[in-house]
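What follows is a short report on a single structure.
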Ligand code: GTP
Ligand code: MG
Ligand code: NA
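Numbering (full-length UniProt numbering), first residue to last: 207 to 665.
Next comes the structure, spelled out in structure tokens:
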């Protein structure tokens, strides 16, 4: 019987948790890279994705001497930010994944973003395991390379083992308060009801074989149906970026199906559905992070699950966070265009019919939605006349200043720019034309700035 007789696709695993718990570093250890060191302020600010082929997983887990029959072709791992402003990216990650790793710093325990991630995972019904990371920081820890955790614990002193036990039971108590039963994975005999804890170090590697083996076993044992390969394309846009030599491309996660060069695709765009043809299908090399610039492999076709850069004409206004459809022989193009734009409807319902209100710019559809919901709430109640996604350009400011001339309501000559860059030309034009731009990456602060301004107008 061949390993692939079940025809499974690679599971998608999302890494979530509080800021600086070691999510990126864990992936760095497995990849043998140093992505974390290159991040501004050591903070992840984008969704990342890395493909781990089965061969690598087999090699990493051989120390566990498990009869690890790998039935999946590999593992696609999604890295998310832990900083509080990126709830939308955590939410997108938790939507995409088959299973997640919730990373907790063993020295700090359960924190705000741990709880938020837990809520997101539960809401999506996603299965997950917990990594108790940074075990090497237990005082007196003896490094054991990437040894299985039980082996590594055996060589530790009494003191280290005591501190370990103490911290683990503290964290089990903290999770209990969140209504979650947890137990060290090698003592967990009720994996359906109790979530497994895997102690790890992203610095020295202990427990990483355990983490990988557990992920693979759990997915291929309990998710066979979900992981069975199908030809139906399921694909989500993560980012829109320029790729040298290929023009504007989109980073996508292909969760199921096959994409081919030359396929006609339909993508949600800011000015309507984008219908285009795949010019190039690029992937980073296995074990390399897609969000880090590097060399790409070009493919004629790619099977799920994978993270891919798709180069095609007209993708400049594609909206991150939305679905991508591929035209099949039986598909109706108009129907696909309608379905792809349905996701935008949640936004258009928030725009004032009489065209009165502030202009709102946000980084992604998800963050725009979150911000619009907030502005609509009873306590806030700010009208919105128009929206945009991505960096704020001069042409956006021009739209607002034209509106100002028609309506003459000074407070509405305002742009609330949430978590986006403002180009110098846009700033200059705003200055000249009397449009106010407010910027912040925290929804509440952005509203407070605007409110203070409106109050000052009244006085
Ligand atoms: P965000 O993506 O910004 O939320 O952070 P993160 O969870 O990806 O954490 P990151 O990988 O950026 O690590 C944060 C800091 O902790 C870095 O200085 C790492 O070197 C350090 N660190 C991560 N894992 C470990 C570990 O297992 N042991 C030790 N000693 N330090 C670690
Ligand atoms: Mg990170
Ligand atoms: Na960090």
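Cβ coordinates follow ideal geometry from the N, Cα and C atoms, glycine included.
Small disclaimer: the values here were computed from a predicted structure and weren't measured.
The beta carbons of residue 227 and residue 335 sit no closer together than 7 Å. Counting only runs of at least 3 residues, the segment 584-639 fully encloses the following beta strand (DSSP E) elements, listed from N- to C-terminal order: 590-595, 620-624.
Between the ligand NA and residue 249, a heavy atom-to-CB distance of less than 6 Å is present. Within its own chain, the residues whose Cβ lies closer than 8 Å to the Cβ of residue 449, once the five positions on either side in sequence are excluded, are 455, 488, 502, 515, 517, listed in chain order.
Residue 356 is positioned such that its CB atom lies no closer than 7 Å to that of residue 338.
Assignment of residue 507 by DSSP, reduced to helix, strand and coil, places it in the strand class. As computed with DSSP, residue 246 is found in no beta bridge at all.
Less than 7 Å divides the Cβ of residue 323 from the Cβ of residue 296. Distance between residue 469 and residue 441, taken at the CA atoms: about 14 Å.
In the three-state reduction of the DSSP assignment, residue 646 falls in the strand class, which pools E and B. Two segments are said to touch when three or more pairs of C-beta atoms, one from each, lie closer than 8 Å; by this definition the segment 232-248 does not touch the segment 313-320. With a 10 Å radius around the Cβ and a threshold of 16 neighbouring Cβ atoms, residue 224 comes out buried. Ranked by Cα distance from residue 490, the first of 479, 505, 248, 520 is 505.
Annotation for residue 514: the continuous beta strand (DSSP E) segment containing it runs 512-517. Between residue 546 and residue 474, the gap from beta carbon to beta carbon is short of 7 Å. Distances from the CB of residue 416 to the heavy atoms of the ligand NA are all 6 Å or more. Short of 7 Å from the beta carbon of residue 340, and not among the five residues preceding or following it, lie these beta carbons of its own chain, in chain order: 228, 311, 312, 313, 407. Along the segment 251-280, the alpha helix (DSSP H) occurs as fully enclosed runs of 4 or more residues at 260-267, listed in sequence order. Within 10 angstroms of the beta-carbon of residue 319 lie 16 or more other beta-carbons, which makes it buried.
Note: residue 402 is bridge-paired with 389 in the DSSP secondary-structure output. In the DSSP annotation of this structure, residue 234 is not part of any beta strand (DSSP E); the continuous alpha helix (DSSP H) holding it starts and ends at 229-237.
Contact between residue 418 and residue 629 is ruled out by a C-beta separation of about 43 Å, above the 8 Å threshold. The Cβ atoms of residue 497 and residue 252 sit closer than 7 Å to each other.
Straight-line spacing of the CA atoms in residue 242 and residue 256 works out to 14 Å. Residue state for residue 580 is assigned as helix, using DSSP reduced to three classes. DSSP places residue 292 in no alpha helix (DSSP H); its state is neither H nor E. Annotated three-state conformation of residue 311 is strand, per DSSP.
The alpha-carbon of residue 259 is positioned some 29 Å away from that of residue 396. Using a cutoff of 6 Å, the CB of residue 226 counts as near the ligand NA, since one of the ligand's heavy atoms is closer than that.
Around the beta carbon of residue 342, 16 or more other beta carbons sit within 10 angstroms, so the residue counts as buried.
Taken through DSSP and simplified to helix, strand or coil, residue 566 comes out as strand.
In terms of Cβ geometry, residue 603 and residue 526 do not form a close pair [threshold 7 Å]. With a contact defined as Cβ atoms closer than 8 Å, residue 622 and residue 652 qualify at about 6 Å.
Assignment of residue 470 by DSSP, reduced to helix, strand and coil, places it in the strand class. In the three-state scheme derived from DSSP, where H, G and I count as helix and E and B as strand, residue 502 is classed as strand. Restricting attention to 405, 393, 388, the CA atom closest to the CA of residue 399 is found in 388.
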